[in-house]
Amino acid sequence: MQSRRTFLRDTLTLTAAVTAGTILPTPVRAAKTNKKKRPNIVWLISEDNSKHFLKLYDKEGAKTPNIEKLAQTGVVFNHAFSNCAVCSAARSVLATGCYGSRIGTQFHRKFKTVPLQAGLAPIPALMREAGYYTSNKTKTDYNFHYKAKPTWNSKSTWTGRNKGQPFFHKQSFPVSHESRLQAANKGGLDKGYAPECYPDTPLFRQAHKAYCDIHVKMDAEIGAVIDNLTKDGLLDDTFVFYFGDHGGVMPASKGYLYERGLWVPLVIHIPENFKHLVDLKPNTRADGFVSFIDFAPTILNLCGIDIPKMMDGKPFMGPDVTKADLEQRDETFGIADRFDEKYDLVRTLRKGKFKYMRSYQPFNFDGLMNVYRYKMASYREWFKLYKAGKLKGTAAEQFYLPRSPEALYDIDADPFETKNLAGDPAHAKTLAALRENLSGRMKAMPDLSLFPESELMKSAFGNPVKFGQTNKARIGELVDIADLSLVSFAKAEAGITAALASTDPWKRYWGLIVCSCFGNEAKGFVDTAKKIAANDSEPLVRVRAAEFLGLISAQDPQPVILDVLGKSKSYAEVVLVLNTVVLLTDGKPGYKFDIPKGLIKQKDKQISNRLGYLGTDPNEPATAPTDKKNKKKKKWKKEKAAE
885 MQSRRTFLRD TLTLTAAVTA GTILPTPVRA AKTNKKKRPN IVWLISEDNS
935 KHFLKLYDKE GAKTPNIEKL AQTGVVFNHA FSNCAVCSAA RSVLATGCYG
985 SRIGTQFHRK FKTVPLQAGL APIPALMREA GYYTSNKTKT DYNFHYKAKP
1035 TWNSKSTWTG RNKGQPFFHK QSFPVSHESR LQAANKGGLD KGYAPECYPD
1085 TPLFRQAHKA YCDIHVKMDA EIGAVIDNLT KDGLLDDTFV FYFGDHGGVM
1135 PASKGYLYER GLWVPLVIHI PENFKHLVDL KPNTRADGFV SFIDFAPTIL
1185 NLCGIDIPKM MDGKPFMGPD VTKADLEQRD ETFGIADRFD EKYDLVRTLR
1235 KGKFKYMRSY QPFNFDGLMN VYRYKMASYR EWFKLYKAGK LKGTAAEQFY
1285 LPRSPEALYD IDADPFETKN LAGDPAHAKT LAALRENLSG RMKAMPDLSL
1335 FPESELMKSA FGNPVKFGQT NKARIGELVD IADLSLVSFA KAEAGITAAL
1385 ASTDPWKRYW GLIVCSCFGN EAKGFVDTAK KIAANDSEPL VRVRAAEFLG
1435 LISAQDPQPV ILDVLGKSKS YAEVVLVLNT VVLLTDGKPG YKFDIPKGLI
1485 KQKDKQISNR LGYLGTDPNE PATAPTDKKN KKKKKWKKEK AAE
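All the letters of the sequence shown, read from the start, carry residue numbers 885 to 1527 under the working numbering.
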């Protein structure tokens, strides 16, 4: 067994290296527990809710007596985080203990699943191989495929196991899913609570109250499972984890890397018969930071199962993990890429009370149309108020304005992230340290999202990790080009010039994105961008050039974009191009695109979402954020809440 002194030495060495951006954390091997009797593990996962909706964490939240009772026999984690703000991407992290942007599972919904790297298996497969009975009720929406061995024994409960066999049970609770608030968001509440990041309207106040009411129902369902464990005499042998699968589900939560999209509730019941495995006391709180990458290593550690070396997380409970070790942890890393048809590329790093947000394409404003999002009445009202000019000067206006390439927030003083401190000289050292830390992580992973998804599907998704390692230096160079948007234009100009002249199409691609970040400051590159838009060999580079020219009103972007859409043979490429079309339509300066019916040959739901919104495909209309557009389109059929 590894000594505590060795463990602390190795952990501190790894932490220093990670902070410097040189390597990713590699977990230690788990210690062995008594093989004659091992603990059961239960994950109870409420869908789409951040910690903000439970009174256990927030005074404006709902009372959840069953979860609060669980806390009396366990630990409330004050700082637990999803690494992604949407379900399939977050669930893939939970199952693998790996960052999605390193192994290729970061996009939702997936266009293509990816294989896991050699030696890595999803957590239920590892548990089953170790003799555990595994049950899952019921979601298996992952962004990877794994066919080497079966993973789940049952799709319902643990009751089918052999006598004395330990079990791992995972259960999701869709009662708190986004679709439930979409149905419940009817408005009409004169008094109530609306966080400062939102318009203060009866509709938003009612949305908050309705979601708190939904939490009461969710808590009752959680309580029913705990009652079953108690009746079966299993609670004293079972670590019960209650947590949210990511944040949400008020507008600008799910799908976004604000704390309301990432910061989740986590309560863990410590069983009487296995309390010796953990250095935590019942009915206490822990302040150390834990993330979804750590959950799989933690339960492996508790169960005495070796932790695969390629997992990015490390245990926060179990043998060789002390409370002091846990309380020293103060960092979490967040990832956002495509959500349905809406593309973005954002990374966050929170260290202590400070949150650093890096928007790699900040002109993609937060409120950019997404069909599923705008099924909620509050979303539609928000857009309507913005278009009417009724949000000027408020924090709520920012949702429809371009973001800053980087932002720094003091979460203790500004919990809803409305005051960007990045330009405050008093915080210059903190900003620089977090910027360097995040950039180092991107390079060390390396982060695959520096390549467009369509290119990853073509070149990387057969073996994402190998592709990343082979292209690690190249990805580092792309990060450096992207980071030109963080300095003055005078300092960035030479780097942009070199990028646009590069023989590497993705360097040209990022050079043009940086031009769009600078906007009119980069107008000296207009002639170069026009040549690239007309002649570049890579279609997406042409689109980025047209996008830059369109954003600064230097050239009508429509001819180039329509030409690319008509010739494209990749549906992922088409979805990315249509993201630009909606940006240029709904954002400033605003263009009216006329996409001829039948121009696009590729078929996919996300393409139909975009075309329906733009009014091009009358057979598959999309919910639009304005009443005027809604009247011109048919209603969508009810969809199952598959997320």
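Glycine included, C-beta positions come from ideal geometry on N, C-alpha and C.
Checklist entry - In or out: V1151 buried (at least 16 other Cβ within 10 Å) or exposed? => result On the sequence shown, position 267 is the one that residue 1151 refers to. By the beta-carbon neighbour count (other beta carbons within 10 angstroms, threshold 16), V1151 is buried.
Checklist entry - To the nearest angstrom, how far is it from the Cα of K1031 to the Cα of K1039? => result In the sequence shown, the residue the question calls residue 1031 occupies position 147. In the sequence shown, the residue the question calls residue 1039 occupies position 155. Going by the C-alpha atoms only, they are around 17 Å apart.
Checklist entry - What separation, rounded to the nearest whole angstrom, lies between the Cα atoms of A1005 and H1130? => result One-based indexing of the sequence shown puts residue 1005 at position 121. One-based indexing of the sequence shown puts residue 1130 at position 246. It is roughly 22 Å from the alpha-carbon of A1005 to the alpha-carbon of H1130.
Next on the checklist: Suppose you measure from the CA of K1165 to the CA of A1429; what does that come to, to the nearest Å?
Outcome noted: For this step, residue 1165 is matched to residue 281 along the sequence shown. For this step, residue 1429 is matched to residue 545 along the sequence shown. For K1165 and A1429, the distance between alpha carbons rounds to 58 Å.
Item to check | Nearest candidate by alpha-carbon position, reference K1414, set E1211, S930 and S1437 | outcome: Taking the first residue of the sequence shown as position 1, residue 1414 is located at position 530. Nearest of E1211, S930 and S1437 to K1414, Cα basis: S1437.
Item to check | Three-way DSSP call (helix, strand, coil) for P1299 in this model | outcome: One-based indexing of the sequence shown puts residue 1299 at position 415. Coil.
Item to check | Opposing strand residues paired with C968 [DSSP bridges] | outcome: Position 84 of the sequence shown, counted from the start, is the residue given in the question as residue 968. Bridge partners of C968: I1219.
Next on the checklist: Assuming F1402 is part of the beta strand (DSSP E), what are its boundary residues?
Outcome noted: Along the sequence shown, read from residue 1 onward, the residue named residue 1402 stands at position 518. That residue, F1402, is in no beta strand (DSSP E); its alpha helix (DSSP H) goes P1389 to F1402.
Next on the checklist: Which complete beta strand (DSSP E) runs does the segment 1232 to 1298 hold, if anything under 3 residues is left out?
Outcome noted: Counting only runs of 3 or more, we get 1238 to 1243 and 1290 to 1294.
Checklist entry - In whole angstroms, what separates the C-alpha of D932 from that of T1022? => result If you number the sequence shown from 1, residue 932 lands on position 48. If you number the sequence shown from 1, residue 1022 lands on position 138. The alpha-carbon of D932 is positioned some 16 Å away from that of T1022.
Checklist entry - Alpha carbon to alpha carbon, what distance is there between L1000 and I1189? => result The residue given as residue 1189 occupies position 305 in the sequence shown. The residue given as residue 1000 occupies position 116 in the sequence shown. Computed Cα separation, rounded: 19 Å.
Checklist entry - Can you tell which of R1144, N1248 and I1416 has the C-alpha that lies nearest to the C-alpha of G1128? => result Your numbering for residue 1128 matches position 244 in the sequence shown. Of the candidates R1144, N1248 and I1416, the residue whose Cα lies closest to the Cα of G1128 is R1144.
Item to check | Close Cβ partners of M1011 (< 6 Å) along its chain, the five nearest in sequence each way excluded | outcome: Along the sequence shown, one-based indexing puts residue 1011 at 127. For M1011, the CB contacts under 6 Å within the same chain, skipping 5 residues up- and downstream, are T1018 and F1052 in chain order.
Item to check | Three-state class that DSSP yields for K1054 in the structure shown | outcome: On the sequence shown, position 170 is the one that residue 1054 refers to. K1054: strand per DSSP, three-state reduction.
Checklist entry - Does DSSP put S1226 in a helix, a strand or coil? => result As a working mapping, residue 1226 is identified with position 342 in the sequence shown. A small correction: the amino acid at residue 1226 is Lys; Ser does not occupy that position in the sequence shown. Correct three-state label for K1226: strand.
Checklist entry - Per DSSP, L928 is paired with what? => result Numbered from 1 along the sequence shown, position 44 holds the residue referred to as residue 928. BP columns for L928 point to Q1055 and Y1126.
Next on the checklist: Relative to the C-alpha of K1383, which candidate in G1403, P1330 and F1409 has its C-alpha closest?
Outcome noted: What you label residue 1383 is simply residue 499 of the sequence shown in a count that begins at 1. A quick correction: the sequence has Ala, not Lys, at residue 1383. In terms of Cα proximity to A1383, the closest of G1403, P1330 and F1409 is F1409.
Checklist entry - With burial defined as no fewer than 16 other Cβ atoms inside 10 Å of the residue's Cβ, what is the status of R1169: buried or exposed? => result Start at 1 with the first residue of the sequence shown, and residue 1169 comes out as number 285. Label assigned to R1169: exposed.
Checklist entry - Per DSSP, I1152 is paired with what? => result The residue you call residue 1152 lines up with position 268 of the sequence shown. Beta-bridge partners assigned by DSSP to I1152: V959 and F1125.
Checklist entry - So what's Q1486 in DSSP terms, helix, strand or just coil? => result Taking the sequence shown and counting its residues from 1, the one referred to as residue 1486 is at position 602. In the three-state scheme derived from DSSP, where H, G and I count as helix and E and B as strand, Q1486 is classed as coil.
Next on the checklist: Within 10 Å of its beta-carbon, does N1254 have 16 or more other beta-carbons around it, so buried, or fewer, so exposed?
Outcome noted: Along the sequence shown, read from residue 1 onward, the residue named residue 1254 stands at position 370. Sixteen is the threshold: when 16 or more other Cβ atoms of the shown chains lie within 10 Å of the Cβ of N1254, as they do, the residue is buried.
Next on the checklist: Would you call the segment 1380 to 1397 in contact with the segment 1326 to 1340, where contact means no fewer than 3 C-beta pairs closer than 8 Å?
Outcome noted: These segments touch.
Item to check | Delimiting residues of the beta strand (DSSP E) encompassing D1171 | outcome: Locating residue 1171 in the sequence shown gives position 287, counting from the first residue. It spans T1168 to S1175 - the beta strand (DSSP E) in which D1171 sits, taken as one unbroken run.
Checklist entry - Where does the unbroken beta strand (DSSP E) through S1019 begin, and where does it stop? => result Here residue 1019 refers to the residue found at position 135 of the sequence shown. Taken as a continuous stretch (DSSP letters only), the beta strand (DSSP E) holding S1019 covers Y1017 to K1021.
Checklist entry - Counting only runs that start and end within the segment 1050 to 1119, where is the alpha helix (DSSP H) found for 4 or more residues in a row? => result Every alpha helix (DSSP H) of 4 residues or more that sits fully in the segment 1050 to 1119 is shown, in chain order, as 1062 to 1068 and 1086 to 1115.
Item to check | Which residues DSSP lists as bridging F835, in chain order | outcome: Beyond the ends of the chain as shown, which are 885 and 1527, falls residue 835; an answer cannot be given.
Item to check | Assigned secondary structure, L938 (DSSP; H/G/I helix, E/B strand, else coil) | outcome: Position 54 of the sequence shown holds residue 938. L938 sits in a strand when the DSSP states are folded into three classes.
Checklist entry - Does DSSP classify A1306 as helix, strand or coil? => result Walking along the sequence shown from the start, residue 1306 turns up at place 422. A1306 falls in the coil class under three-state DSSP.
Checklist entry - Contact check, K1481 vs T1464 under 8 Å by CB: the rounded distance? => result In the sequence shown, the residue the question calls residue 1481 occupies position 597. In the sequence shown, the residue the question calls residue 1464 occupies position 580. Between T1464 and K1481 the Cβ distance is about 20 Å, and since that is not below 8 Å, they are no contact.
Checklist entry - Would you say the segment 1204 to 1213 touches the segment 1237 to 1256, given that touching needs at least three Cβ pairs under 8 Å? => result Remark: fewer than three beta-carbon pairs, one from each stretch, lie closer than 8 Å, so the segment 1204 to 1213 and the segment 1237 to 1256 are not flagged as touching.
Checklist entry - At which residues does the alpha helix (DSSP H) containing N1419 begin and terminate? => result For this step, residue 1419 is matched to residue 535 along the sequence shown. Annotation for N1419: the continuous alpha helix (DSSP H) segment containing it runs V1410 to N1419.
Checklist entry - Run through DSSP, which three-state label would S1038 get? => result If you number the sequence shown from 1, residue 1038 lands on position 154. Taken through DSSP and simplified to helix, strand or coil, S1038 comes out as strand.
Checklist entry - Quick one, which of K1093, G1236 and T1114 has its alpha-carbon nearest H963's? => result Against the sequence shown, residue 963 aligns to sequence position 79. Shortest Cα-Cα distance from H963 to any of K1093, G1236 and T1114 involves G1236.
Checklist entry - CB S976 to CB F1028, shorter than 8 Å? => result Along the sequence shown, one-based indexing puts residue 976 at 92. Along the sequence shown, one-based indexing puts residue 1028 at 144. The answer is yes: Cβ separation under 8 Å.
Item to check | Cβ shell of D1511 (< 6 Å), same chain only, five flanking positions each side left out | outcome: The residue you call residue 1511 lines up with position 627 of the sequence shown. Any reading at D1511 is ruled out, since the residue's pLDDT is 38, under 50, leaving its predicted position unreliable.
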